[in-house]
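Here the structure is laid out as structure tokens; the discussion comes afterwards.
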Amino acid sequence: MDRRQFIGGIGYGLLSLGLVGCGLSLSEKGENSPNTQNVQSTPSSQTASSAASVYDRSKLIISEGTDPNLLIEKGFAALGGIGALVRRGATVVLKPNFSVPRKPEEAATTNPQLVAAVVKQCLAAGAKEVKVIDYPFQSPPVCLNNSGIRKAVEAAGGKAYAINEQSFYTQVDTGGKILKTALFSKDVLNADVFINFPILKHHSMTKLTLGLKNMMGLVWDRGYFHRTDLTQCIAELAAFRKPHLTIVDATRGITDNGPTGPGTIREWNQVIFGVDSVAVDTYAATLFGIKPAEIEYITAAAQLGVGEMDLQKLTVVKV
Amino acid sequence: MKFRKALLLRYLLQFVSLLSFIMLLANLSYPLGQESLLLQWFSRFDPWLLLSQLRWQREIPLWTWLPLVTLASTLLWGRIFCGWLCPFGAFLALTDKFGRVVFKNLSLARSKVLNAIQPMRDFWLLSLMIIFVFGSNWVIFLTPFALFSHEIVRVLQGHLPWMLIGITISTLFFSRFWCSVLCPTGVLLSFVARRRFFRYGFAGNCVHCERCTGTCSVGSAPASTGIAKEGCIVCGDCQRGCPTKVIGWQRSFWRGKNSKLASGGDVAATMHQGSRRQFFKVAFTVATAAVLWRKTAWAAEKTLRPPGALPELEFTAVCNRCGRCVQVCPSKALSPMPITDGLANFETPYIIPRKNRCDLCLACQEVCPTGAIAEVPLEKVRMGKADIDKSRCIAWDEGKMCYICGEQCPVLAIEADEHHRPLILTDKCVGCGSCENACPIDGEAAIRVFPN
Numbered sequence: 004m005d006r007r008q009f010i011g012g013i014g015y016g017l018l019s020l021g022l023v024g025c026g027l028s029l030s031e032k033g034e035n036s037p038n039t040q041n042v043q044s045t046p047s048s049q050t051a052s053s054a055a056s057v058y059d060r061s062k063l064i065i066s067e068g069t070d071p072n073l074l075i076e077k078g079f080a081a082l083g084g085i086g087a088l089v090r091r092g093a094t095v096v097l098k099p100n101f102s103v104p105r106k107p108e109e110a111a112t113t114n115p116q117l118v119a120a121v122v123k124q125c126l127a128a129g130a131k132e133v134k135v136i137d138y139p140f141q142s143p144p145v146c147l148n149n150s151g152i153r154k155a156v157e158a159a160g161g162k163a164y165a166i167n168e169q170s171f172y173t174q175v176d177t178g179g180k181i182l183k184t185a186l187f188s189k190d191v192l193n194a195d196v197f198i199n200f201p202i203l204k205h206h207s208m209t210k211l212t213l214g215l216k217n218m219m220g221l222v223w224d225r226g227y228f229h230r231t232d233l234t235q236c237i238a239e240l241a242a243f244r245k246p247h248l249t250i251v252d253a254t255r256g257i258t259d260n261g262p263t264g265p266g267t268i269r270e271w272n273q274v275i276f277g278v279d280s281v282a283v284d285t286y287a288a289t290l291f292g293i294k295p296a297e298i299e300y301i302t303a304a305a306q307l308g309v310g311e312m313d314l315q316k317l318t319v320v321k322v
Numbered sequence: 003m004k005f006r007k008a009l010l011l012r013y014l015l016q017f018v019s020l021l022s023f024i025m026l027l028a029n030l031s032y033p034l035g036q037e038s039l040l041l042q043w044f045s046r047f048d049p050w051l052l053l054s055q056l057r058w059q060r061e062i063p064l065w066t067w068l069p070l071v072t073l074a075s076t077l078l079w080g081r082i083f084c085g086w087l088c089p090f091g092a093f094l095a096l097t098d099k100f101g102r103v104v105f106k107n108l109s110l111a112r113s114k115v116l117n118a119i120q121p122m123r124d125f126w127l128l129s130l131m132i133i134f135v136f137g138s139n140w141v142i143f144l145t146p147f148a149l150f151s152h153e154i155v156r157v158l159q160g161h162l163p164w165m166l167i168g169i170t171i172s173t174l175f176f177s178r179f180w181c182s183v184l185c186p187t188g189v190l191l192s193f194v195a196r197r198r199f200f201r202y203g204f205a206g207n208c209v210h211c212e213r214c215t216g217t218c219s220v221g222s223a224p225a226s227t228g229i230a231k232e233g234c235i236v237c238g239d240c241q242r243g244c245p246t247k248v249i250g251w252q253r254s255f256w257r258g259k260n261s262k263l264a265s266g267g268d269v270a271a272t273m274h275q276g277s278r279r280q281f282f283k284v285a286f287t288v289a290t291a292a293v294l295w296r297k298t299a300w301a302a303e304k305t306l307r308p309p310g311a312l313p314e315l316e317f318t319a320v321c322n323r324c325g326r327c328v329q330v331c332p333s334k335a336l337s338p339m340p341i342t343d344g345l346a347n348f349e350t351p352y353i354i355p356r357k358n359r360c361d362l363c364l365a366c367q368e369v370c371p372t373g374a375i376a377e378v379p380l381e382k383v384r385m386g387k388a389d390i391d392k393s394r395c396i397a398w399d400e401g402k403m404c405y406i407c408g409e410q411c412p413v414l415a416i417e418a419d420e421h422h423r424p425l426i427l428t429d430k431c432v433g434c435g436s437c438e439n440a441c442p443i444d445g446e447a448a449i450r451v452f453p454n
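What follows is the structure in structure tokens.
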């Protein structure tokens, strides 16, 4: 079954390469870089990993099920294998949401088992280091422990910590209209691979918190966002730094009292994978039951050209 | 040879006690493990903690037997707790050993001073008792498990442990004068030790070499009286150092034949003449101090206290300033109050929400040895109440889509109206200060928490 899916994934990868064409010039550069090493041994997978070193932007992979490891494995297989994204010796940064001191079963933080599964995959693909970071509302020990993130990530071989001191940030030119400069996470700026890993949940101010919103946890002064224009700032931040991949934990989440909770929990049992963060958020909002157009930061980001809001223009693959 | 075994055992106990005390404090962090419990139980050896419980909680705790063990051992052998088990005693013993090696030529002055200050003890104990009864816990603050803990925490937090430095320096010059006459636990146990059953005494002909006086670190050598005085911490230094080997264990016959010579109240007896006037002087001073105390003490405005803290007046009275809550606090919300906020508030934990919010982990409740931070469940915690200054709030005043306070409130005590303006549900608010901490406007927050 896995192999079939894997080959299917390669097929999709090749197909999408043909479809997008010149849009993939970046990935072709990556493919030719001297560091390129293939993790898989069979000839067919070699083609796959080199072809899809950055996955197809126009594709969303929806992994369905309840087993955390399987959900992640299926997703990466359908994308074209993790080896395409994570090269040997790469430094990977995962940005889950553990901003509130809730337990995993309270469904207000990214599921630690899913995070651990991605950490494992990255390390198996040869990553030198996998860092799992967030800038939580509350103190690092409380959030890292209650969310179960530290335990799960450390067991998987990764490093989980909170970036709650200014020394974790550096001044960057974000180039927005409102968000001109910001103190942004050094870890992400220095990473070879950056994966955004939000949970799908309710948010009192922005209706939903998703991939685009999750990026706020990489900025030192969040108060600036709230003081000026929250949705526009989120969009401009999204335009500044796009993750290599966004994975949305939509296994379950709170549908009210967000972002802090506790709230009413709903289960979707899905994990959404995509390169285009606007597209991922659009799909997730639809899944949640809110029109994506009502989520202001999604429309603002789409207007800035961060990604595609029209699901019709995307290939949604369920696995 | 048998002395050596006892000596090794004492060194071992002191070493373990000192090291484990420091390690336990250094490892006190969220989430709490066994170290919190161990530290709790270790501290309970001190009878003052029991007195504090009886005085303030008005109940007999389940661990009463532990301080009673200390008292019982004191009744048997004297201050064996101070000499063998107390971590601060171990630290000062080490300091003293060092001081005796480095400042050899001071040994005469050392024993003179130590002996001269002995009579202070009883007056000091009396003052401590009066202050304690009047309702202040800085008596407990001076006990080893509070003071030493407090000073270690200061070091761990990167502050200057000036009390520890002061005591250490004077110990270098004047031996264990702190243990001998100033430590509340020490003087209390000395008082009990007057009626102790076994003690060091002369059994033979003393050659009056005064070597025991010189070696005794608490000024209680048997040289002048024939038996070790009540301050004896059973270290055995006099016994080992005696050239004629006349010092040995003796049974005290409470009304026995040598009671005249060996009366437990020997020091008090010598002090008795003309001490009545002195007593009244001291009592008067203490009473004045107690009255002034109330005047100067609560100089500060009311502040946010840890979750579960007793009502303000009681809190400052019960808290022994051991600093463990400050050490354990994961969000560093708790900090000790400076002396400028009044003597009664000095070094008690408080929260400045604009600096750091309380995460409501309630670890401080677990580490508190005195019950000043009572074990109150989260639902019943009420530290303060939030209040919005609508003229400064950018959601109310400028119509901004801010609502960061509501977003971060961990107990859902803030809700938004139709324009995303924050409203406080006062009955839900616990006063953790998340909102005040998160408020994005410059300077003072538009939403502030006021203590209950």
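These protein sequences, in sequence, are chains A and B.
Under our numbering, the residues of the first sequence are numbered 4 to 322, in order.
Under our numbering, the residues of the second sequence are numbered 3 to 454, in order.
We put the CB at the ideal spot given by N, CA and C, even for glycine.
The residue from B:R46, B:A148, B:C88 with its alpha-carbon nearest to that of L20 (chain B) is B:C88.
Listed along chain B, the residues sitting closer than 9 Å to M208 (chain A) by beta-carbon distance are M403, C404, Y405, I406, G408, E409, A418, H422. Rounded to whole angstroms, the separation of the alpha carbons of I298 (chain A) and A305 (chain A) is 11 Å. The C-beta of P355 (chain B) comes no closer than 8 Å to any C-beta of chain A. The straight-line gap separating the alpha-carbon atoms of I181 (chain A) and Q116 (chain A) is approximately 37 Å. Burial is judged here by how many other beta carbons sit within 10 angstroms of a residue's own beta carbon; R156 (chain B) has at least 16 and is buried. Among the residues of chain A, those whose CB is under 7 Å from the CB of Y32 (chain B) are P144, V145, following chain order. In this structure the stretch 425 to 433 of chain B lies against the stretch 406 to 414 of chain B, because at least three pairs of beta carbons, one per stretch, are closer than 8 Å. In the three-state DSSP reduction, G214 (chain A) falls in the helix class (H, G or I). Residue-level contact by beta carbon holds for D361 (chain B) and chain A, with a gap shorter than 8 Å. A direct Cα-Cα distance of roughly 7 Å separates C324 (chain B) from F147 (chain B). Taking C-beta atoms as the reference points, T212 (chain A) and G261 (chain A) count as a pair closer than 8 Å.
Inter-segment contact for the stretch 48 to 57 of chain B and the stretch 65 to 78 of chain B is present: three or more beta-carbon pairs are separated by less than 8 Å. Boundaries of the beta strand (DSSP E) around K62 (chain A): 62 to 67.
Look at the stretch 125 to 210 of chain B and you find these whole runs of beta strand (DSSP E), each 3 residues long or longer: 200 to 204.
Taking 8 Å as the CB threshold, S333 (chain B) lines the interface with chain A. Among the bridge pairs identified by DSSP, L192 (chain A) is matched with none.
CA-to-CA, the gap between C240 (chain B) and L10 (chain B) works out to about 16 Å.
Residues are counted here when their Cβ sits less than 7 Å from a Cβ of chain B; for the stretch 246 to 267 of chain A these are N260, P262, T263, given in chain order. The Cβ-Cβ distance between S61 (chain A) and L317 (chain A) falls below 8 Å. Distance from the CA atom of A242 (chain A) to the CA atom of G308 (chain A), rounded to whole angstroms, is 8 Å. When DSSP reads this structure, P351 (chain B) sits in a beta bridge with B:P338.
At a cut-off of 8 Å between C-beta atoms, L14 (chain B) does not count as an interface residue with respect to chain A. Given a length threshold of 4 residues, each whole run of the alpha helix (DSSP H) inside the stretch 340 to 409 of chain B is given here in chain order: 365 to 369, 396 to 399. Cβ-Cβ distances below 8 Å link T72 (chain B) to F47, D48, P49, F83, L191 in the same chain, with the five nearest sequence neighbours on each side left out; the list follows chain order.
At a cut-off of 8 Å between beta carbons, P412 (chain B) contacts chain A. Not a single CB atom of chain B sits nearer than 8 Å to the CB of H205 (chain A). Q273 (chain A): member of the beta strand (DSSP E) spanning 268 to 277, first to last residue. Per DSSP, the unbroken beta strand (DSSP E) holding A165 (chain A) starts and ends at 162 to 165. Annotation for K180 (chain A): no alpha helix (DSSP H) segment contains it, and DSSP assigns it neither H nor E. With the rule of 3 Cβ pairs closer than 8 Å, the stretch 16 to 33 of chain B does not count as touching the stretch 270 to 284 of chain A. In the three-state reduction of the DSSP assignment, K134 (chain A) falls in the strand class. With respect to G226 (chain A), P355 (chain B) sits apart: the two C-beta atoms are not nearer than 8 Å. The residue from B:S219, B:R253, B:G233, B:S254 with its alpha-carbon nearest to that of G243 (chain B) is B:S219. According to the DSSP assignment, D252 (chain A) belongs to no alpha helix (DSSP H) but to the beta strand (DSSP E) extending over 248 to 257.
Remark: three or more beta-carbon pairs, one from each stretch, lie closer than 8 Å, so the stretch 169 to 183 of chain B and the stretch 94 to 106 of chain B are flagged as touching.
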